[in-house]
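Have a look at the structure below before the remarks.
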Amino acid sequence: MDLFIQLTLTGLTNGAILALAALGFVLIYKSSDVINFAQGEFLLIGAYVMFSMLVQFSLPWTVGLVLTLLVAVGLGVAVERLVLRPLIGEPIISVIMATIGLSSLLRAIVSTIWGNQPRAFPAFIPSKPVHVLGATVGADRLWAIVIAGVMLFLFNLFFTRSKEGIAMRAVADDQQAAMSMGISVKRIFAWAWSIAAMTAAIGGALVANIVGVGPELAGFGLRVFPVVILGGLDSIPGAIVGGVIIGLLEAYVGGYIGMGLNQVISFIVLILILMVRPYGLFGQEIIERV
Amino acid sequence: MVSGVFHTSYESDMALRRTPAQKIRIVLFIIFILLFPFFANKYTLTLANQIAIATIGAIGLNILTGYTGQISLGQGGFMAVGAYAAGLLTVRLGMPWYLSIVVASFVTAAVGAVFGIPSLRLKGLYLAIATLAAQEIILWVVTHWKGLTGGVEALVVPDPHLFGLRMNADFNFYWLAWALVGITALLTLNLFRTHYGRAFIAIRDQDIAAEVMGVNLFRYKLLAFAISSFFVGVSGALLAHYRSIVTWERFTLDVSVLYLAMIIIGGMGSVSGSLFGASFMTLLPALLTNAGRALRKVFPAINTIMPFIQEATFGLVIILFLILEPEGLKKMWEDVKDYFRLWPFSY
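Top to bottom, those sequences are chains A and B.
Quick note on numbering: the first sequence equals residues 1 to 290 in my numbering.
Quick note on numbering: the second sequence equals residues 1001 to 1347 in my numbering.
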């Protein structure tokens, strides 16, 4: 039973962080039909910028986090303006390859600035072990769940209550109709990319706090795919539910079956979902019969 | 004044080489390939062999992605199947190396067809993600099925011999590899003059219209996966025998991305484009390494940041090509030809 609770908590932490990364991914796909293969690198950059703020500039973590988010916004806008906007209307493979190229470029920039040795992250969240229902777990993991939950709640508010959030959903729904209602689609794209970079940065800082900061954080980018396919590529609740399910699944498979199967189980699930229900749990069903 | 190439008969339209200039160029190219090894040193020969292997793989991927329009991120996994199949057949069953290349290619074709099954229901980015999963699953099997592949440890393949010649010596391998490039190119060019090839192109251009015109989508998509994987398998098997060693690190997702970059930079849906792209993506890192060596005396720190420069250049080249010349090197080459044909009225 202890093992079960332990695994559940680990799975929930990973799931919460995956959900944060997936949220940005879904957002970009929803508003601009672009699949972002560089989401993992956004996470990486967020973690390293936060690292610099805390270690090199020794700022308090609140200030550091705000500055990190500002950097993320700048990054999102720059990527949208320089790489994605010239490719509007190009075939899907071009867009996919552009974000893959981007991921390689960003990884190189990160390695040039910060090197590629893993480093310890100054804990800005307490990581003292806590006993929960007989299992022992680091407090930072619990905090990560809480923070991710709060972030997801705030984003949900943003999309349902704020003018920008509603405009964004309008663009996602129908670009032309949104444009005719006076919404600037270009600005919305820039918004989508900045928010994606921001959620990734927060996710990156949370992971870094738990496992330290290193280039392998970018691996989260690939783990996002099973999450978004399971939840539905264009569904924000789907990203959250998918993140939690995949996180738990990986934890349980790793704990009970082992043999490294946890590294690949999500991809097997991915293939099965694609075969049975390609639009995922909550995605919009687009019927096209050939 | 010639304003373009226009065909007035079906024979000339269907010909492999349509104009005298094309015929002259292909002859010059073949002469260059035949003479090259006698003037090359060991380093350039190795590069030429790498280009040959990459070209076969790129043509394979181009059949699937460029001609049939099915985006595949599973290239690395399929190459791994070819390489491990060839290696294991030689080591475990004692099969002659030339036979192992043939059998390994058929094995890869079968595996490719299996992973092509989702393509019936998926297209575009969903298919890209499905093939990404295929890549991860194949590589996981390779590294975890210790009884078959030896897991993460390298598989050592004995040297291939033919008539007392060691075939993985650079000079000998050159002839084998480039002969296979020639055969692959010829087969592929001819494939797209048959009704199979035209069905592939119809699926790429508009799959619903193709289905309406009687193209069985399931059959032809699987066939495209199988034919494409066959050539990818040839390339993987050649790699196994050339390097005498097979490790999983050579077949990661980065390899899939590298090959996609080759066909995008070279030119989608084109055999010559595959050759251009394979050459470009093989020569670019080599060029950067040499430039780094030359600069080492002036700027000693270059050694430590060289891998990052390589990675950044790789990403930048892909992005720049997509934005500035999405049709790739093939289009640039055609622009150059047009410029001279239309001279002095070119614009």
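C-beta: ideal position from N, C-alpha, C; glycine also.
Note that this is a predicted model, so its numbers are computed, not measured.
#1: Quick one: Cα of glycine 15 of chain A to Cα of leucine 142 of chain A, how far?
#2: Give me the Cα-Cα distance between glutamine 1310 of chain B and proline 215 of chain A, rounded to the nearest whole angstrom.
#3: Whole angstroms is fine: what's the gap from serine 1072 of chain B's alpha carbon to glutamine 56 of chain A's?
#4: With DSSP as the reference, identify every bridge partner of isoleucine 1245 of chain B, one or two as the case may be.
#5: What runs of the alpha helix (DSSP H), each 4 residues or longer, lie entirely inside the stretch 230 to 257 of chain A?
#6: Check for me: the alpha helix (DSSP H) holding histidine 1144 of chain B runs from which residue to which?
#7: With H, G and I counted as helix, E and B as strand and the rest as coil, what does DSSP make of valine 1271 of chain B?
#8: Would you say proline 1160 of chain B reaches chain A, if we count a Cβ-Cβ gap shorter than 9 Å as a contact?
#9: Per the DSSP calculation, threonine 136 of chain A is bridged to which residue(s)?
#10: According to DSSP, is histidine 1007 of chain B part of a helix, a strand, or is it coil?
#11: Cβ of glutamine 1075 of chain B less than 9 Å from any chain A Cβ?
#12: By how many angstroms is the C-alpha of glycine 1112 of chain B removed from the C-alpha of leucine 3 of chain A?
#13: Given that valine 1257 of chain B touches chain A, what residues does it touch there, using C-beta distances under 7 Å?
#14: In its own chain, which residues sit with a C-beta less than 8 Å from the C-beta of phenylalanine 1231 of chain B, not counting the 5 before and 5 after it?
#15: How about arginine 81 of chain A: is its C-beta nearer than 9 Å to some C-beta of chain B?
#16: Quick one: Cα of valine 290 of chain A to Cα of arginine 1018 of chain B, how far?
#17: Taking alanine 1301 of chain B as the query, report the chain A residues whose CB atoms sit under 9 Å from its CB, ordered along the chain.
#18: Measuring straight from C-alpha to C-alpha, what distance separates alanine 1286 of chain B and asparagine 1303 of chain B?
#19: Counting only beta-carbon atoms, is glutamine 1022 of chain B nearer than 9 Å to chain A?
#20: Since glutamine 263 of chain A meets chain B, which of its residues come closer than 7 Å, beta carbon to beta carbon?
#21: So leucine 1295 of chain B contacts chain A; which residues on that side make the cut at Cβ distance below 7 Å?
#22: Distance, Cα to Cα, glutamate 1249 of chain B vs glutamine 1135 of chain B?
#23: Counting only the same chain and skipping the five closest in sequence on each side, list residues whose C-beta sits under 8 Å from that of isoleucine 1245 of chain B.
#24: For leucine 1288 of chain B, which three-state DSSP category applies?
#25: Would glycine 1066 of chain B and glycine 1269 of chain B qualify as a contact pair, given that the criterion is a beta-carbon distance under 9 Å?
#26: Can you tell me which of A:Phe189, A:Gln39 and A:Val130 puts its alpha carbon nearest to the alpha carbon of arginine 85 of chain A?
#27: Buried or exposed: where does isoleucine 1203 of chain B fall if 16 or more other Cβ atoms within 10 Å of its Cβ makes it buried?
#28: I need the straight-line Cα distance from glycine 221 of chain A to alanine 1240 of chain B, nearest angstrom please.
#29: Secondary structure at valine 213 of chain A, three-state DSSP: helix, strand or coil?
#30: Quick one: list the residues of chain A neighbouring proline 1118 of chain B, beta-carbon separation under 7 Å, in chain order.
#31: Between B:Lys1297, B:Ala1261 and B:Met1213, which has its C-alpha nearest phenylalanine 1280 of chain B's C-alpha?
#32: Between the Cα of aspartate 33 of chain A and those of A:Ile88, A:Val49 and A:Gly138, spot the shortest distance and give me the residue it belongs to.
#33: What residues from chain A crowd round proline 1326 of chain B, counting only those whose CB sits closer than 7 Å?
#34: Put leucine 1148 of chain B into one of helix, strand or coil per three-state DSSP.
#35: For a cutoff of 9 Å on Cβ pairs, would you count serine 104 of chain A as touching chain B?
#36: Determine the extent of the alpha helix (DSSP H) in which arginine 1092 of chain B is found, giving its start and end residues.
Inspection of the coordinates gives the following:
#1: Rounded to whole angstroms, glycine 15 of chain A to leucine 142 of chain A spans 12 Å at the Cα level.
#2: Cα-Cα distance, rounded: 16 Å.
#3: Taking the straight line from one Cα to the other gives about 43 Å.
#4: In the DSSP output, where bridge partners are listed per residue, isoleucine 1245 of chain B has B:Val1156.
#5: Within the stretch 230 to 257 of chain A, the complete alpha helix (DSSP H) segments of 4 residues or longer fall at 236 to 252, listed in chain order.
#6: That run of the alpha helix (DSSP H) goes 1125 to 1144.
#7: For valine 1271 of chain B, the secondary structure class from DSSP, reduced to helix, strand or coil, is helix.
#8: Taking 9 Å as the CB threshold, proline 1160 of chain B stays off the interface with chain A.
#9: According to DSSP, which records beta bridges pairwise, threonine 136 of chain A is partnered with A:His131.
#10: Coil.
#11: With a threshold of 9 Å between beta carbons, glutamine 1075 of chain B makes no contact with chain A.
#12: Cα-Cα distance, rounded: 40 Å.
#13: Ordered by position in chain A, the residues that pass the 7 Å Cβ test against valine 1257 of chain B are Ile100.
#14: Closer than 8 Å at the Cβ level, and outside the excluded window around phenylalanine 1231 of chain B, lie Ile1056, Gly1057, Ile1059, Gly1060, Ile1063, Ser1105, Thr1184 and Thr1188.
#15: It does not: the Cβ of arginine 81 of chain A has no partner Cβ on chain B nearer than 9 Å.
#16: Because the pLDDT of valine 290 of chain A is 49, which lies under 50, any placement of that residue in the model is unreliable, and the question is left without a value.
#17: Chain A residues near alanine 1301 of chain B: none, gap ~11 Å exceeds 9 Å.
#18: Going by the C-alpha atoms only, they are around 14 Å apart.
#19: Answer no: the Cβ-Cβ gap between glutamine 1022 of chain B and chain A never drops below 9 Å.
#20: Under the 7 Å cutoff, chain B gives Trp1140.
#21: Residues of chain A passing the Cβ test: none, with the nearest at roughly 16 Å.
#22: Taking the straight line joining both Cα atoms gives about 13 Å.
#23: Closer than 8 Å at the Cβ level, and outside the excluded window around isoleucine 1245 of chain B, lie Ala1154, Leu1155, Val1156 and Val1157.
#24: Leucine 1288 of chain B: helix per DSSP, three-state reduction.
#25: Yes, Cβ-Cβ distance for glycine 1066 of chain B and glycine 1269 of chain B is below 9 Å.
#26: Comparing Cα-Cα distances from arginine 85 of chain A to each of A:Phe189, A:Gln39 and A:Val130, the minimum goes to A:Phe189.
#27: The residue is buried, with at least 16 neighbouring Cβ atoms inside 10 Å.
#28: Cα to Cα, glycine 221 of chain A sits roughly 31 Å from alanine 1240 of chain B.
#29: Residue state for valine 213 of chain A is assigned as strand, using DSSP reduced to three classes.
#30: Chain A residues near proline 1118 of chain B: Ile271, Leu274 and Met275.
#31: Selection B:Lys1297, B:Ala1261 and B:Met1213 evaluated against phenylalanine 1280 of chain B yields B:Ala1261 as nearest (Cα-Cα).
#32: Looking only at A:Ile88, A:Val49 and A:Gly138, the smallest Cα-Cα distance to aspartate 33 of chain A is reached by A:Ile88.
#33: Near proline 1326 of chain B (Cβ distances below 7 Å), the residues of chain A are Glu90 and Ser94.
#34: Leucine 1148 of chain B: helix per DSSP, three-state reduction.
#35: Yes, serine 104 of chain A lies at the interface with chain B (some Cβ there is under 9 Å from its Cβ).
#36: 1075 to 1093 is the extent of the alpha helix (DSSP H) around arginine 1092 of chain B.
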